[in-house]
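Protein chains in written order, with the numbering used here: chain A, 1 to 248; chain B, 1001 to 1266. All C-beta atoms, glycine included, are put in the ideal place defined by N, C-alpha and C. Reviewing the structure listed below.
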Amino acid sequence: MKLYLKIWRQKDASSAGKIVDYTLDGVEGDMSFLEMLDILNEELISKGEEPVEFDHDCREGICGTCSLQINGEPHGPDRLVTTCQLHMRKFNDGDTIVIEPFRAKAFPVIKDLIVDRSAFDRIQQAGGYISVNTSGNTVDANCIPINKHDADEAMDAATCIGCGACVAACKNASAMLFTSAKVSQFALLPQGRVEAVERVQNMVRQMDLEGFGNCTNTGACEVECPKGISLTNIARMNREYLSATLKG
Amino acid sequence: MYWPNLFLPRGAQQLKINLNKLFSNIESLLKTRPCCKFVSKPALMSGLIKSSIARKVVMALSGLFLVVFLTQHFTINIASVLDPETFNAWSHFMGYNPLVQFVLQPVLIAGVIIHFVMGFALEIQNKKARGGSYVKYKGSANAPWVSRNMIYSGLVILAFLALHFYDFWVHEMAYKYIEVSPEDPTRYYHETVEKFAPFWRTIIYIVSFFLLGLHLWHGFASSFQSMGLNNKYSPGIKTFAKIFSVVIPLGFAFIALYHHLNPVTH
């Protein structure tokens, strides 16, 4: 199939970017979206042009490295998949595809389609952990009985891969879904309760400091999340935050 | 924090050393675990006001308060269609009861102001959070129009409120407190119905009620999520909120149209 690509090209963080048109022939339906970009880059390199920079790592939909706003949606039109798992059979011959980086003030563009998502790391570092004695006396986590329902919900929250699609999709560039998933995965388990009060306060404070927007409950994040993280996590984080504030 | 180096007897010196150790331990604990600093009361209070979650809760609570007010307003208004005498009696009570006039009325005005000022502040902040704009952004792919355009439905409602205040509130204030006219428990029905004689006002009211409905369609149910309520009762709450957001604005529109089509015959 033949595709007309409109790709955001930006030399570096301080330069202004612009959309550049490319035409790519010979794309097959079985190719992933990133493989299609690989083919484009091969062509660009053979012509002596600079290849399009984009983030990728595992290409199995589990690492959260790939991003891309494809035709106005993070990870493209398909649901519950990352860009690396999006296949070209979802597009038709002659389609025009607009490819942009995820846009948020807290995710500055580094080059072309690559953005700096270290704001997520800093939110995680602010409280997305439990303090465990690892000096040889570590207690087996399975010694504490946990309700199956709570364990499942915590696991669902923990499947967040931190790709940033929630921020990219949200009209307010809010990071509430990501932060709430990271709060929830601990809040639901007895090991996480120990530091629950400080955790939610510190993570929300860091989230606000990074310059993400405020949640207005549009639900766009939940729809675009490749891991199907639910909005109930945001409600849980709101609850945790309010109770932590009142307890403090 | 260290004690001044004074000449002290042997026991006291030991105490001083122990206390210095304790203070340095506390200091290092505060440095390594910022959370310990964070749980102090003043920091918490400023955190509550500044945090994004607190702002959501303020929007939710003020919004829910306005929903309660809408219900009360609708109950009185529908009486104007069903029984003019009851409408007059209720309106007179609302207009002259000191609790309503001097406590509830200022609280209501404060509620409206808080809701729209916070709404504007959040909108500005949210626009800034995007940074550079998308070349192509398909908002309709993942969120309903009403949820993405609360600021516009809100702006129309705010503009309507200006007209509505001019139509009724300013008139009432002038009647009672400037002209100091005598109490007349029978005037309300006629005054209300006569307001809807012009076609343009009736249309503006109906259009505003439609946008109020859109605003409530997202806002009412959303306020529960903002306050952390998302559980087995949520589907029921959502259904109730959606029925409310259709029935109440439709009812208000019906009242306006009814009075336009049935003018008072003296």
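query, result
"Candidates Q1125/B, P1084/B, S1133/B, G1095/B: closest to P108/A by CA position", "S1133/B"
"Proximal chain A residues relative to I1053/B, where beta-carbon distance stays under 7 Å", "V204, N238, Y241"
"Helix, strand or coil at S32/A [DSSP, three-state]", "strand"
"Local conformation of D150/A per DSSP, three classes", "helix"
"Any non-hydrogen atom of the ligand GTP closer than 7 Å to A1054/B Cβ", "Absence of the ligand GTP is noted for the structure shown, with no ligands found whatsoever."
"Residue-level contact to chain A via CB, R1201/B, 8 Å cutoff", "no"
"Beta-carbon spacing of S180/A, M237/A below 8 Å", "yes"
"Simplified DSSP state of E100/A, which is helix, strand or coil", "strand"
"Identified DSSP bridge partners for V200/A", "V200/A is not bridged to any residue."
"V1193/B beta carbon less than 8 Å from that of H1259/B", "yes"
"Proximity below 8 Å, CB of A1079/B to CB of T1086/B", "yes"
"Nearest candidate by alpha-carbon position, reference T259/A, set A235/A, V197/A, A244/A, K171/A", "Because chain A spans 1 through 248 in this model, residue 259/A falls outside it and cannot be assessed."
"Range of the contiguous alpha helix (DSSP H) that encloses R9/A", "Note, R9/A: premise wrong, no alpha helix (DSSP H); beta strand (DSSP E) at 3-9."
"Between the CA atoms of A1054/B and E1179/B - distance to the nearest angstrom", "43 Å"
"Secondary structure of L86/A, DSSP reduced to three states", "coil"
"Buried or exposed (CB count within 10 angstroms, at least 16 for buried), S14/A", "exposed"
"C-beta contact flag for N202/A and A126/A at 8 Å", "yes"
"Enclosing alpha helix (DSSP H) for T1267/B [first to last residue]", "Residue 1267/B lies beyond the stretch modelled for chain B, which goes from 1001 to 1266, so this question has no answer here."
"Any C-beta of chain B under 8 Å from that of F186/A", "no"
"Any chain B beta carbon closer than 8 Å to R103/A", "yes"
"Closest Cα partner of C160/A within the set A187/A, S230/A, G136/A", "S230/A"
"7 Å Cβ cut-off: residues of chain A touching Y1137/B", "G72"
"Proximity test, Cβ basis, 8 Å: E224/A and chain B", "yes"
"Pick from F1209/B, H1215/B, G1228/B that is closest to F1252/B, judged by C-alpha positions", "F1209/B"
"Candidates T23/A, G17/A, C225/A, of which the one nearest G64/A by Cα", "C225/A"
"Proximity of I19/A and V1135/B at Cβ, strictly below 8 Å", "yes"
"Whole-angstrom distance between E35/A and F91/A, CA atom to CA atom", "14 Å"
"Per-residue DSSP class, three states only, for P74/A", "strand"
"Cβ neighbour criterion (16 or more within 10 Å) applied to N1231/B", "exposed"
"Residue from V52/A, D150/A, Y129/A, F33/A with nearest C-alpha to G61/A", "F33/A"
"Close Cβ partners of L1158/B (< 8 Å) along its chain, the five nearest in sequence each way excluded", "F1116"
"CB contact below 8 Å: L231/A versus chain B", "yes"
"Option nearest A1121/B by Cα separation, candidates G1228/B, M1059/B, R1187/B", "M1059/B"
"Cutoff 8 Å: F212/A Cβ touching any chain B Cβ", "yes"
"Listed by chain order, chain B residues near C215/A by CB distance under 8 Å", "S1052, K1056, S1226"
"Straight-line gap, A16/A to L3/A (C-alpha atoms, nearest Å)", "26 Å"
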